[in-house]
Amino acid sequence: MNIFRLNTDALWDGIRDWSLKAGRSAARPVLLMWYVMRSDKTPRKDKLAIFGSLAYLILPIDLLDAHRLPVVGWLDEAVSLAVLIRKMSKYITPETQAKAEAQLDKWFPEYTKYEIVE
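At position 32 of the sequence shown the residue is numbered 661 (our numbering), and the sequence of numbers has no breaks.
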């Protein structure tokens, strides 16, 4: 029995909700990390780091409050995700990229190759 089993169902629900609010471009790196975390090729310690970083991104608890510090409040999540992607980029494969793109196509079917920002 493994007592350190990650509850990925709750994390997935949070990622989905966050992504639908944030948009396709912001959701892409999050989904890449999700699929890297789910890969059998990713070591357990790296899976835990990804889990923690993604949970920090979607949880309402924040070290720097975005309401009090409008720009700085979002920087901690952005920096956390950027550092995570840089560290875990060795695990990003064409397969994980394809899975992320397929999920984005499901969530954002109206997306065109040249997305117009309004």
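C-beta: ideal position from N, C-alpha, C; glycine also.
* Taking the C-alpha atoms as reference points, what is the distance between Ser648 and Met717? -> For this step, residue 648 is matched to residue 19 along the sequence shown. For this step, residue 717 is matched to residue 88 along the sequence shown. If you take the alpha carbons of Ser648 and Met717, they lie about 20 Å apart.
* Which term fits Ala656, buried or exposed, when burial requires 16 or more other beta carbons within 10 angstroms of its beta carbon? -> Walking along the sequence shown from the start, residue 656 turns up at place 27. The residue is buried, with at least 16 neighbouring Cβ atoms inside 10 Å.
* Could you tell me the boundaries of the alpha helix (DSSP H) in which Lys735 lies? => Residue numbering aside, residue 735 sits at position 106 when the sequence shown is read from its first letter. For Lys735, the uninterrupted alpha helix (DSSP H) segment begins and ends at Pro723 to Trp736.
* Asked: Do the CB positions of Ala688 and Trp663 come within less than 8 Å of each other?
  -> Position 59 of the sequence shown, counted from the start, is the residue given in the question as residue 688. Position 34 of the sequence shown, counted from the start, is the residue given in the question as residue 663. A small correction: the amino acid at residue 688 is Leu; Ala does not occupy that position in the sequence shown. No, the Cβ-Cβ distance between Leu688 and Trp663 is not below 8 Å.
* Asked: Quick one: is Leu677 buried, meaning 16 or more other Cβ sit within 10 Å of its Cβ, or exposed?
  -> The residue labelled residue 677 in the question sits at position 48 within the sequence shown. With fewer than 16 other CB atoms across the displayed protein chains lying within 10 angstroms of its CB, Leu677 is exposed.
* Asked: Taking the Cβ atom as the reference point for each residue, do Leu686 and Val659 lie within a distance shorter than 8 Å?
  -> Reading the sequence shown from its first residue, position 57 is the one you call residue 686. Reading the sequence shown from its first residue, position 30 is the one you call residue 659. The Cβ atoms of Leu686 and Val659 sit closer than 8 Å to each other.
* To do: Return the CA-CA distance between Ile704 and Ile714, expressed in angstroms with no decimal places.
  => As a working mapping, residue 704 is identified with position 75 in the sequence shown. As a working mapping, residue 714 is identified with position 85 in the sequence shown. Looking at the sequence itself, residue 704 is Leu, so the reference to Ile does not match. When rounded, the distance between both Cα atoms is 15 Å.
* To do: Label Thr722 either buried or exposed according to how many other C-beta atoms from any shown protein chain fall within 10 Å of its C-beta, with 16 as the threshold for buried.
  => Within the sequence shown, residue 722 is the residue found at index 93, counting from 1. So Thr722 ends up on the exposed side.
* For Leu640, which of helix, strand or coil comes out of DSSP? -> Start at 1 with the first residue of the sequence shown, and residue 640 comes out as number 11. It is helical.
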